[in-house]
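Participant: First to last, the sequence lines map onto chains W and Z.
Here the first sequence is numbered in this note's numbering, starting from 1339 and rising by one per residue.
Here the second sequence is numbered in this note's numbering, starting from 19 and rising by one per residue.
Here a beta-carbon is modelled for each residue, glycine too, at the ideal position from N, C-alpha and C.
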Amino acid sequence: MSQSPYLRRESAGTLASSVRLAGRTSPIRCHLFTTDHRAIGRLYLWLALLSVAIGTILSLLMRLHLTWPERVLPFHGPVLPEDYLALVTIHGTLMLFFVLTTAPQSGFGNLILPSQIGARRMAFPLINAVSFWVIAAALVVLLSSTFVPGGSPISGWTAYPPLSAVPSAGPGQGTGIDLWLASIALFAIGSTMSSINQLVTVVRMRCEGMTWGRLPLTVWAWITASMLSILAFSVLLAALLLLFCDRHLATSFYLPVGDVVNGTLRAAGSHNGSPLLWLHLFWFFGHPEVYIAILPGMGLTSMILGNFSRRRVFAYRTMITTTLLIGFLGILVWGHHMFVAGLNPFAGTAFSISTIAIAIPAAAKVLSWLATIWRSRPSYTTAFLFSLGFVSLFITGGLSGPILAQPILDQYLHNTFFVVAHFHLIMAMAGIFGLFSATYYWFPLLANRTLHEGLGRIHFVGSLLGAYATFLPMHLTGLAGEPRHYAQLTSIPNAAGDLLARTLPLNRGITWAAFFLAGTQLVFLANLLLTLWRGPRSSPNPWDATTLEWHPNLSESDFGLLPVVYREPSQYAYQNGEARALPQWIDPALLPSAPSTSGDRGVS
Amino acid sequence: MPATYTPSKPDLDKSRLHDNDNGAGRRPPTDKRTGGGGEGDNWQSRPQGQRGPRERLGRYRMGLFFALAGDLMFFIAIVSVFFVARTTGHFDAYNRYINEWLPTAIPPVLWLNTAVLLLSSVTMELARRRMFHEPDVMEEWFGLGRPISRRSAPWVAATLCLGLLFLAGQALAWKQLAMQRVFFASNPSSHFFYLITYTHAIHLFLGIGGLMLALWGLYASRQLETRQILVDCAAWYWHSMGVFWVFLFLLLAYFQ
Ligand code: HEM
Ligand SMILES: [Cu+2]
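(1) Look at Leu-135(Z) and Ile-214(Z) and say whether their C-beta atoms are less than 8 Å apart.
(2) If you reduce the DSSP assignment to three classes, tell me which class Leu-1603(W) lands in.
(3) Considering only C-alpha positions, which residue in the set Pro-153(Z), Phe-93(Z) and Glu-73(Z) is nearest to Phe-267(Z)?
(4) Specify the secondary structure class of Ala-1919(W) as computed by DSSP and reduced to three states.
(5) Assuming contact is defined by CB atoms lying nearer than 8 Å, are Glu-143(Z) and Asp-49(Z) in contact in what I supplied?
(6) Express the C-alpha separation of Leu-1844(W) and Ala-1697(W) in angstroms, rounding to a whole number.
(7) Give a yes or no on whether the minimum CB-CB distance between Asn-1610(W) and chain Z is below 8 Å.
(8) Starting from Leu-102(Z), find everything on chain W with Cβ-Cβ shorter than 7 Å and list it in chain order.
(9) What does Asp-89(Z) reach in chain W if we use C-beta pairs closer than 9 Å?
(10) What are the boundary residues of the beta strand (DSSP E) that Gln-1913(W) is part of?
(11) Roughly how many whole angstroms lie between the Cα atoms of Arg-1358(W) and Trp-1871(W)?
(12) Runs of 3 residues minimum, wholly inside the segment 140–165 of chain Z: which ones carry the beta strand (DSSP E) assignment?
(13) Please classify Trp-263(Z) as buried or exposed, where buried requires at least 16 neighbouring CB atoms within 10 angstroms.
(14) Work out the CA separation of Thr-1660(W) and Ala-1559(W) for me, nearest whole Å.
(15) Once DSSP output is grouped into helix, strand and coil, what is the label at Ile-1696(W)?
(16) Is Val-1757(W) near ligand 1, going by C-beta to nearest heavy atom under 7 Å?
(17) I want to check one thing, is the minimum distance from the CB of His-1760(W) to the heavy atoms of ligand 2 below 7 Å?
(18) Run the CB neighbour count on Pro-1699(W), radius 10 Å, all protein chains shown included, and call it buried at 16 or more, exposed below.
(19) Can you give, in chain order, each stretch of the alpha helix (DSSP H) that sits fully within the segment 1722–1755 of chain W and has at least 4 residues?
(20) Closer than 7 Å between beta carbons: that is the criterion. Which residues of the segment 194–209 of chain Z meet it against chain W?
(21) For Asn-1879(W), which residues in the same chain have their Cβ closer than 7 Å to its Cβ, ignoring the five residues on either side in sequence?
(22) Taking Gly-1430(W) as the reference, give the member of Leu-1929(W), Tyr-1382(W) and His-1762(W) with the closest Cα.
(23) For the alpha helix (DSSP H) containing Trp-1406(W), list its first residue and its last residue.
(24) To test your reading of the DSSP string, which unbroken alpha helix (DSSP H) runs of 4 or more residues are found completely within the segment 1667–1713 of chain W?
(25) Could you tell me whether the Cβ atoms of Arg-1401(W) and Thr-1720(W) are closer together than 8 Å?
(26) How about Ala-81(Z): is its C-beta nearer than 8 Å to some C-beta of chain W?
(27) Would DSSP call Tyr-78(Z) helix, strand or coil?
(28) Consider the Cβ of Gly-41(Z): report whether some Cβ of chain W lies at a distance smaller than 8 Å.
(29) Please list, in chain order, the chain W residues whose beta carbon lies closer than 9 Å to that of Ile-96(Z).
(30) DSSP state of Gly-1644(W), grouped into three classes?
(31) When burial is assigned at 16 or more other CB atoms within 10 Å of the CB, is Tyr-1718(W) buried or exposed?
(32) State the beta-bridge partners of Gly-1415(W) as determined by DSSP.
(33) Mind pulling the chain Z residues with CB within less than 9 Å of Pro-1901(W)?
(34) Identify, in the order they occur along the chain, each residue of the same chain with its Cβ nearer than 8 Å to the Cβ of Trp-159(Z), setting aside the five sequence neighbours on each side.
(35) Pick from Trp-1780(W), Ser-1725(W), Cys-1583(W) and Phe-1689(W): whose alpha carbon is nearest that of Asn-1448(W)?
(36) By DSSP, does His-108(Z) sit in helix, in strand, or in coil?
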């Protein structure tokens, strides 16, 4: 099936027929050890789906424990503080790395990116396959870390030293965190390889006429995220290496002098390090990482809003620039995670300024999204709705960003649920909405079928309500002082205990909302399975889209010649108030008459 | 039945898919620069399906350069930590400022190693240039033997030997330090000495693997293009490791 990855009508492209095929030819060879980018992309999506399912269950367990701490889990017994922290850690690591990094960047990146630029395949198919397997191995290692003696890692997705650097520091700081380190190192290597592949593909394999200015914004987002990956994951790898040395080779890069762990003064070796060093290295990676997670969603939102409102994307060139600018500024803001960590106050101010500066390109994006749909008459498909939801969540979550970016305010808000609310709205929920949007939009390309729109709408409304009901109140509990990473809010014996106890009613509401949000996803799963089983076949270009992945017969046209691109994406000709799509691949000479097209020609 | 051969669709597909365009039959890239358009190799202006073999070489090179950019960030991170650690101190129980950093004496053999590594870069560059030497490429293209492999392989082999010599020299340096009882855990500065030399040595091991692959390719691969890619990428990687080493070595020698 590696022969012609493009064929949507043939078995190569469709998920449904892969299932059928599996009975006949050697399925392992064909679908697991494949170098076909579409098959690999689908593997990434399955991996992300598995991770998101596990991650969601873990988060529900967290909520259950926070609200009803005395409850005993079946097959487990009482939930100890370290169990709660283990849930936080595995949940965060799964969601951020294995869902929000793999699915938009590598999953849809593989499935869609080559066709969007008119390439037949990725630049390095073998490396592509290897990077998937490295990442799959990383997932296995991460999940296995829960079952080792000493318990699951409990350091959160940020693994702050000194506790993470001292194996004897407590439960989970032994083999558990070693496996966590190994998993993240593997993940970093796999992601770097896949990013290199993606970058070279875009630079080298664009089809004729696909100039930089005509690349869809999704592609711009993918390559910006790829550049960030290459820069950031390498630094993370160095940081992980140093942490490993601290743990096993008696160094003290992150261990300060006079470090007292569990009541014992650590004396072995020289102690001249500082946990602050880890924070610098980690967040130099960590902040770009959160943009890697969201950039593809931003690009897709622009394209989908344009497509369904039959408008060209407002300020297309500027949107390219803001994508790159967000990527660039994203490298300069890491210190905003460290305001209360003992950072030099002047550095704090500098990071505060650069952080607020990043709100400018972000706001430009929001303006472009709004301007694109302003007074248009869009068709409210599920994909479009989820993109609208993305915009909404991005605004809501983005508003708390500049608040957190004030060092003074962050003194109070850091490590409270306010931050949890911020990043769940702007990253987790917006990212997931972007993924849903992508799924509904591109499903005809993945499986040759369209997902059910009615179920999709129920899914959308439920998810939007659930997302807001879950994460908006967290601002309030955070402002009331609820800290992150606390296993228990009740039976704390002092004034702080009273304070926390007062957030309990709200917390109970959050938990119910979380269950509602998770329950709504069952509608999506049902939709997915029903559609795969007996959904309606889709027409070649069901959304009347303009980008190249929807070219009706890429493989067959001109005896397999690659298509030629003539204009920017989302161009429309307006005749009698009707917008007619001008796909990128239609030769202007073949257009019946070219009255008021807004296409750009002659630009190379 | 007419005797003409009508190409079937798959045939046409095949000849035009750049997937299958492995450069066979087209003139492989050479070092000849005519500088103008109209050059037989002027692939950039052609649509993708008809691009020449140089494209494949360029693709691999570019992939390698992105990988090296990531690698550079890795070393930059470690070097930044080096400077942070060197200048970090703490106050002890008597409120005295303590900086535990004691510079690690550089074993003199490292100078020799550096020279060996630089020399190996020279031999590697000779091997790389050989791969694109125009008369040889043309000769091979016409099917007159395999002069490219014949002329390049000795230089690759020489690089391989010099690389192994460098690693042996590094091992010697570690041994000398160990005899002076300077170990990885001894002092902040020794952490870095070992960290930097070890990580660089691991990179060189990968490079040696690349050289062996290239050497094997020179004998086993029938396509000149593939051989050119193998040697070219191995060479750029090797040069980069040489440059990285020069900087890292200067750091260890003069900035401790
Ligand atoms: C307007 C732009 C933004 C600003 C000004 C901003 C500001 C901040 C600040 C100051 C913090 C640190 C809060 C603390 O730990 O005390 C923070 C945390 C965070 N932000 Fe943002 N942010 C913005 C956009 C985003 C975006 C677009 C994402 C992801 C897509 C994101 C994801 C996160 C995450 C994941 C954290 C918490 C990390 C952790 O501690 O685990 N932020 N943000
Ligand atoms: Cu950040």
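Facilitator: Inspection of the coordinates gives the following:
(1) Looking up residue 135(Z) in the second sequence gives position 117. Looking up residue 214(Z) in the second sequence gives position 196. No.
(2) The residue you call residue 1603(W) lines up with position 265 of the first sequence. DSSP places Leu-1603(W) in strand when its eight states are reduced to three.
(3) Looking up residue 267(Z) in the second sequence gives position 249. Considering only alpha carbons, the answer is Phe-93(Z).
(4) As a working note, residue 1919(W) is residue 581 in the first sequence. Strand.
(5) Taking the second sequence and counting its residues from 1, one reaches residue 143(Z) at position 125. Taking the second sequence and counting its residues from 1, one reaches residue 49(Z) at position 31. No; because the gap between Cβ atoms is not below 8 Å, this pair is not in contact.
(6) In the first sequence, the residue the question calls residue 1697(W) occupies position 359. In the first sequence, the residue the question calls residue 1844(W) occupies position 506. Rounded to the nearest angstrom, the two C-alpha atoms are 30 Å apart.
(7) In the first sequence, counting from the first residue as 1, residue 1610(W) sits at position 272. Yes - at least one Cβ of chain Z is within 8 Å of the one on Asn-1610(W).
(8) Residue mapping note: residue 102(Z) aligns to position 84 of the second sequence, counting from 1. This sequence places Val at residue 102(Z); Leu is not what is there. Here the neighbours are Leu-1615.
(9) For the purposes of this step, residue 89(Z) is identified with residue 71 of the second sequence, where counting begins at 1. The contacting residues are Ser-1572.
(10) Position 575 of the first sequence, counting from 1, holds the residue named residue 1913(W). 1910–1913 is the extent of the beta strand (DSSP E) around Gln-1913(W).
(11) In the first sequence, counting from the first residue as 1, residue 1358(W) sits at position 20. In the first sequence, counting from the first residue as 1, residue 1871(W) sits at position 533. Here Arg-1358(W) scores only 38 on pLDDT, less than 50, and its place in the model should not be relied on; the value that follows carries that caveat. When rounded, the distance between both Cα atoms is 11 Å.
(12) Contiguous beta strand (DSSP E) elements confined to the segment 140–165 of chain Z do not occur, taking only those with 3 or more residues.
(13) Translated into positions along the second sequence, residue 263(Z) becomes position 245. Counting the other Cβ atoms within 10 Å of the Cβ of Trp-263(Z) gives 16 or more, which makes it buried.
(14) For this step, residue 1559(W) is matched to residue 221 along the first sequence. For this step, residue 1660(W) is matched to residue 322 along the first sequence. Distance from the CA atom of Ala-1559(W) to the CA atom of Thr-1660(W), rounded to whole angstroms, is 10 Å.
(15) Position 358 of the first sequence, counted from the start, is the residue given in the question as residue 1696(W). Residue state, collapsed to three classes: helix.
(16) To locate residue 1757(W), count along the first sequence from 1; it is residue 419. Because some heavy atom of ligand 1 lies under 7 Å away, the Cβ of Val-1757(W) counts as near it: yes.
(17) In the first sequence, residue 1760(W) corresponds to position 422, counting from 1. Checking every heavy atom of ligand 2 against the Cβ of His-1760(W), none is found closer than 7 Å.
(18) Numbered from its first residue, the first sequence carries residue 1699(W) at position 361. Burial call: buried.
(19) Residue ranges of uninterrupted alpha helix (DSSP H) with 4 or more members, entirely inside the segment 1722–1755 of chain W and ordered along the chain, are 1745–1751.
(20) Answer set for the segment 194–209 of chain Z: Phe-202, Ala-203, Asn-205, Pro-206 and His-209.
(21) Position 541 of the first sequence, counted from the start, is the residue given in the question as residue 1879(W). Same-chain partners within the cutoff: Trp-1888 and Pro-1890.
(22) Looking up residue 1430(W) in the first sequence gives position 92. Closest option to Gly-1430(W), Cα to Cα, is His-1762(W).
(23) The count along the first sequence starts at 1 and reaches residue 1406(W) at position 68. Per DSSP, Trp-1406(W) is not a residue of any alpha helix (DSSP H), being assigned neither H nor E.
(24) Here the runs fully enclosed are 1683–1711.
(25) The residue you call residue 1401(W) lines up with position 63 of the first sequence. The residue you call residue 1720(W) lines up with position 382 of the first sequence. For Arg-1401(W) and Thr-1720(W), no; Cβs fall outside 8 Å.
(26) Locating residue 81(Z) in the second sequence gives position 63, counting from the first residue. Looking at the sequence itself, residue 81(Z) is Gly, so the reference to Ala does not match. By this cut-off, Gly-81(Z) is an interface position.
(27) On the second sequence, residue 78(Z) is found 60 positions in, with the first residue counted as 1. In this structure, Tyr-78(Z) counts as helix in the three-state DSSP scheme.
(28) As a first step, residue 41(Z) must be located in the second sequence, where it is residue number 23. Low local confidence applies: a pLDDT of 43 at Gly-41(Z) is under 50, so the model's placement there is unreliable, and no value is given.
(29) If you number the second sequence from 1, residue 96(Z) lands on position 78. Going along chain W in sequence order, the residues near Ile-96(Z) (Cβ under 9 Å) are Ala-1576, Leu-1579 and Leu-1580.
(30) Here residue 1644(W) is taken as the residue at index 306 of the first sequence, counted from 1. In this structure, Gly-1644(W) counts as helix in the three-state DSSP scheme.
(31) For the purposes of this step, residue 1718(W) is taken as the residue at position 380 of the first sequence. Exposed.
(32) Here the question's residue 1415(W) lines up with position 77 in the first sequence. Leu-1411(W), per the DSSP bridge assignment.
(33) Here residue 1901(W) corresponds to residue number 563 of the first sequence, with the count starting at 1. Residues of chain Z with a Cβ closer than 9 Å to the Cβ of Pro-1901(W) do not exist; the shortest Cβ-Cβ separation is about 10 Å.
(34) Walking along the second sequence from the start, residue 159(Z) turns up at place 141. The answer, listed in chain order, is Arg-45, Pro-46 and Leu-242.
(35) The count along the first sequence starts at 1 and reaches residue 1448(W) at position 110. Per the Cα distances, Trp-1780(W).
(36) Translated into the one-based positions of the second sequence, residue 108(Z) becomes position 90. Strand, per DSSP.
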